[in-house]
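See below for the structure under consideration.
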Amino acid sequence: MPPMTDHADPLAPRLLTCDVLFTGMGGAQSPGGVVVVGGTVAATGDPAALRASYPHAREEAVGGVIAPPPVNAHTHLDMSRYEFTALPYFRWIPEVVVPQREKRSVEAALHGADTLRDLGTGGVGDIVYMHAPEVMDALLAREDLSGVLYYEALGTFPDRADDIFRTIRERLERWRRLERPGGPRVGLSPHTPHTVSHRLMRLLCEYAAGEGLPIQIHVAEHPAEHDLYTRGGGPIWDNRLAPFYPDTFAEVIGREPEPGLTPVRYLDELGVLNAKPTLIHMVNVTPDDIARVARAGSAVVTCPRSNHHLECGVFPWAAFAAAGVEIALGTDSVASGGSLDVREDVAFARTLYPTLDPRVIVRAAVKGGHRVLGSRAPFIRRGEAWNEAYLWR
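The sequence shown begins at 1 in full-length UniProt numbering and counts up one residue at a time.
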């Protein structure tokens, strides 16, 4: 019988080399390599050093990225049956979101969860639509889903805040009793600073902070938000559904709009940033906004493809990173992002930020996402089991 070749020997060392390696610890490196022996990680590091230490290893240039599965830190799974359409923000809502609203359902959310499972996603931060609370029950029951399910809150009339808060709190307390070790956690998402009254925003965030609930808020997504906070008008106010808003924007935020007021400054002065919410989008911000977020210790999630497709602008990644703000990535909904595969956002971000070190982007997709969700990435290190899902293809 002829001797067994390396290709047939399951214990023969493999040296997998890549453009970017992130082991889940520290920073990423480029290029990188992983030595695998018998399904176990034997070593990681610079390919040249690994070749010297393991001269008999069969080298495989896998290219791309080796890292733990990326986290999709911001989604709307109940919109997973929507058709993707790239349109300017103020056309996308009436032409895509509203006409397809009957597609928002438990079935759509479960389909989205199946997609995340099949993609091998490392965790999810999902927004559960306020008017479909049954989605929360369905997703909490999933044994193949991890991360945080943020129940959405909406309500622009301050005099209705107490009743809305009471209902939301009762639902959250019931759902928290359904949490399981290793399963998704329950969180809270006051939708945006301009769709949640100042009183409701304060009630929700003070409650969440006291209970240790994670929070996500959409903030500074579109440049038109500037007009709202500086003069109480503009395209967002002009396109509002009037029955769902009071007569003036000042009633929503409990103060008069003024030059220099931004959504971030408003939340900070309202005391909301004390709860350390994760802020989604954060595209149209000022240097002062970034400084406030950094002082508060809040993380941000950027959705590069969604922001591009809706023509919202470009997230100032380098400025946030320079300020020490934790950054994660999300796809947003299928309707605006195009898919639930956050690897595609990583790839798009690498073209969107040609001067940004790709190692920073990969780290954000893994470690940044886990920090947002309060979880921990698996480590690729000596003695740990090797997983082919670590090859981002």
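Glycine residues also receive a C-beta, built at the ideal position from the N, C-alpha and C atoms.
CB of Thr44 within 8 Å of CB of Leu21, strictly = Translated into the one-based positions of the sequence shown, residue 44 becomes position 44. Translated into the one-based positions of the sequence shown, residue 21 becomes position 21. Between Thr44 and Leu21, the C-beta gap is smaller than 8 Å, which places the two residues in contact.
First through last residue of the beta strand (DSSP E) which encompasses Pro190 | What you label residue 190 is simply residue 190 of the sequence shown in a count that begins at 1. Start and end: 185-190.
Please report the Cβ distance between Leu241 and Gly234, rounded to the nearest whole angstrom; I am assuming they are in contact, meaning their Cβ atoms lie under 8 Å.
-> For the purposes of this step, residue 241 is taken as residue 241 along the sequence shown, with counting starting at 1. For the purposes of this step, residue 234 is taken as residue 234 along the sequence shown, with counting starting at 1. Their Cβ separation, rounded to whole angstroms, is 16 Å, which puts Leu241 and Gly234 out of contact at 8 Å.
Which residues in the same chain as Gly182 place their Cβ atom closer than 8 Å to its Cβ, once the five residues preceding and following it in sequence are excluded?
-> Numbered from its first residue, the sequence shown carries residue 182 at position 182. Ser146, listed in sequence order.
Under a three-way DSSP split, which group does Ile380 fall into?
-> Taking the sequence shown and counting its residues from 1, one reaches residue 380 at position 380. Looking at Ile380 - three-state DSSP - the assignment turns out to be coil, as it is neither helix nor strand.
DSSP-derived helix/strand/coil call for Thr115 | In the sequence shown, counting from the first residue as 1, residue 115 sits at position 115. Thr115 falls in the helix class under three-state DSSP.
Does DSSP classify Trp392 as helix, strand or coil?
-> Position 392 of the sequence shown, counted from the first residue, corresponds to residue 392. Strand.
Asp355 and Asp345: beta carbons closer than 8 Å?
-> Indexing the sequence shown from 1 puts residue 355 at position 355. Indexing the sequence shown from 1 puts residue 345 at position 345. According to the sequence as given, residue 355 is Thr; it is not Asp. Contact flag unset, no.
Roughly how many angstroms lie between the CA atoms of Pro304 and Thr75, to the nearest whole one?
-> Position 304 of the sequence shown, counted from the first residue, corresponds to residue 304. Position 75 of the sequence shown, counted from the first residue, corresponds to residue 75. One C-alpha to the other measures close to 13 Å.
By the 10 Å Cβ neighbour count, where 16 or more other Cβ atoms means buried, how is Glu326 classified, buried or exposed?
-> Translated into positions along the sequence shown, residue 326 becomes position 326. Classification of Glu326: buried, given that the 10 Å Cβ count is 16 or more.
Are the segment 75-89 and the segment 23-41 touching by the rule of at least three beta carbon pairs closer than 8 Å?
-> Of all C-beta pairs linking the segment 75-89 to the segment 23-41, fewer than three are shorter than 8 Å, placing the two stretches out of contact.
Could you pull out every unbroken beta strand (DSSP E) segment of at least 3 residues lying fully inside the segment 102-171, listed in chain order?
-> 124-128, 147-153
Residue closest to residue 394, alpha-carbon to alpha-carbon, out of His309, Gly324, Glu95 = The first residue shown for the chain is 1 and the last is 393, placing residue 394 beyond what the model contains.
Could you name the residues of the same chain whose beta carbon sits closer than 7 Å to that of Ala364, not counting the 5 residues immediately before and after it, in chain order?
-> Position 364 of the sequence shown holds residue 364. These residues qualify, in order along the chain: Ile327, Ala328, Leu329.
Looking only at DSSP bridge pairs, what is Leu15 linked to?
-> Residue 15 sits at position 15 when you count from the first residue of the sequence shown. The bridge partners DSSP lists for Leu15 are Val35, Glu59.
Taking buried to mean at least 16 other C-beta atoms within 10 Å of its own C-beta, is His198 buried or exposed?
-> Stepping through the sequence shown from its first residue, residue 198 is reached at position 198. It is buried - the Cβ of His198 has at least 16 other Cβ atoms within 10 Å.
How would you write the range of the beta strand (DSSP E) that Asn72 sits in, first residue to last?
-> Here the question's residue 72 lines up with position 72 in the sequence shown. Here the beta strand (DSSP E) through Asn72 covers 72-75.
Measure the alpha-carbon distance for residue 395 versus Gly39 and round it to whole angstroms.
-> Past the edges of the chain, shown from 1 to 393, lies residue 395, and the structure says nothing about it.
Cβ-based neighbour list, Tyr129, same chain, cut-off 7 Å, excluding 5 preceding and 5 following = Position 129 of the sequence shown, counted from the start, is the residue given in the question as residue 129. Taken in chain order, the residues that qualify are Asp78, Arg104, Val135, Glu152.
Cβ neighbour criterion (16 or more within 10 Å) applied to Glu83 = The residue labelled residue 83 in the question sits at position 83 within the sequence shown. Exposed, because fewer than 16 other Cβ atoms sit within 10 Å of the Cβ of Glu83.
Smallest Cα separation from Arg350: which of Val41, Ser336, Phe315?
-> Taking the first residue of the sequence shown as position 1, residue 350 is located at position 350. The shortest Cα separation from Arg350 among Val41, Ser336, Phe315 belongs to Phe315.
Counterpart residues of Leu279 in DSSP-defined beta bridges = Counting from one through the sequence shown, the residue named residue 279 turns up at place 279. For Leu279, which the question treats as bridged, DSSP gives the partners Ile217, Val300.
Glu173 to Leu149 span [Cα, whole Å] | Position 173 of the sequence shown, counted from the start, is the residue given in the question as residue 173. Position 149 of the sequence shown, counted from the start, is the residue given in the question as residue 149. Those two C-alpha atoms are separated by around 14 Å.
Quick one: give me the first and last residue of the beta strand (DSSP E) that Ile93 is part of.
-> Walking along the sequence shown from the start, residue 93 turns up at place 93. It is not in any beta strand (DSSP E) - Ile93 carries neither H nor E in the DSSP assignment.
Can you find at least 3 beta carbon pairs, one from the segment 252-268 and one from the segment 86-94, that sit closer than 8 Å?
-> no
DSSP on Ala250, reduced to helix/strand/coil?
-> Residue mapping note: residue 250 aligns to position 250 of the sequence shown, counting from 1. Residue state, collapsed to three classes: helix.
If you drop the 5 nearest sequence neighbours on each side, which residues of the same chain put their C-beta closer than 8 Å to that of residue 394?
-> Outside the displayed span of the chain (1 to 393) sits residue 394, for which this structure offers no information.
Please state whether DSSP places Gly232 in a helix, a strand or coil.
-> Counted from its first residue, the sequence shown places residue 232 at position 232. Gly232: coil per DSSP, three-state reduction.
Since Ala328 is in the alpha helix (DSSP H), which residue starts that stretch and which ends it?
-> In the sequence shown, residue 328 corresponds to position 328, counting from 1. Judged by DSSP secondary structure, Ala328 falls outside any alpha helix (DSSP H) and instead within the beta strand (DSSP E) spanning 327-329.
So what's Thr351 in DSSP terms, helix, strand or just coil?
-> Mapped onto the sequence shown, residue 351 falls at position 351. Note: Thr351 maps to helix in three-state DSSP.
Should Val252 and Pro243 be called a contact, given that it needs their Cβ atoms to be closer than 8 Å?
-> Against the sequence shown, residue 252 aligns to sequence position 252. Against the sequence shown, residue 243 aligns to sequence position 243. Result no, Cβ atoms of Val252 and Pro243 do not sit closer than 8 Å.
Look up Ala52 in the DSSP assignment and say whether it is helix, strand or coil.
-> On the sequence shown, residue 52 is found 52 positions in, with the first residue counted as 1. Three-state result, Ala52: helix.
Where the beta strand (DSSP E) through Val41 begins and ends | For the purposes of this step, residue 41 is identified with residue 41 of the sequence shown, where counting begins at 1. Residues 40-45.
Give the secondary structure of Val98 by DSSP, where H, G and I count as helix, E and B as strand, and everything else as coil.
-> Taking the sequence shown and counting its residues from 1, one reaches residue 98 at position 98. Val98: coil per DSSP, three-state reduction.
What residue from Trp392, Arg381, Asp163 has the CA that sits closest to Gly24's CA?
-> As a first step, residue 24 is located in the sequence shown; it is residue number 24 there, counting from the start. For Gly24, the nearest C-alpha among the options comes from Arg381.
For Met4, I'd like the list of residues in its chain whose CB is within less than 7 Å of its CB, leaving aside the five on either flank, ordered along the chain.
-> Looking up residue 4 in the sequence shown gives position 4. In this prediction, Met4 scores a pLDDT of 41, lower than 50, which makes its location untrustworthy; no coordinate-derived value is stated.
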